[in-house]
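Take a look at the structure below.
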Amino acid sequence: IETVRRDNCLLVKNLVNGCLHKILIERDIPAAVKYVKNTIADLLLNRMDLSLLVITK
């Protein structure tokens with residue numbers, strides 16, 4: 001699974017890595033879903049550093 005891509009922002013990289021860890025290592029799918037929902041909520045409520053959304057080449 002490719003998680004180190006240059007065409008995604010750091011938020012996506014962190015989110016995918018966190019989900020994969022929860023699903024594959026911890027074997028906790030509900031925790032992975034909760035992690036994604038919490039990350040999206042933080043983004044929508046401006047509780048996240050906007051530098052995580054920058055895409056560089």
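Residue numbers (UniProt numbering): 1 to 57.
Backbone N, C-alpha and C fix where the C-beta goes; we use that ideal spot for every residue, glycine too.
query: How many angstroms separate the CA atom of V33 from the CA atom of K57?; result: 30 angstroms
query: Going along the chain, which residues of its own chain have a beta-carbon closer than 6 angstroms to the beta-carbon of C19, five neighbours each way excluded?; result: A32
query: Looking at C-beta atoms only, is the number of pairs between the region 35–55 and the region 7–15 that lie closer than 8 angstroms three or more?; result: yes
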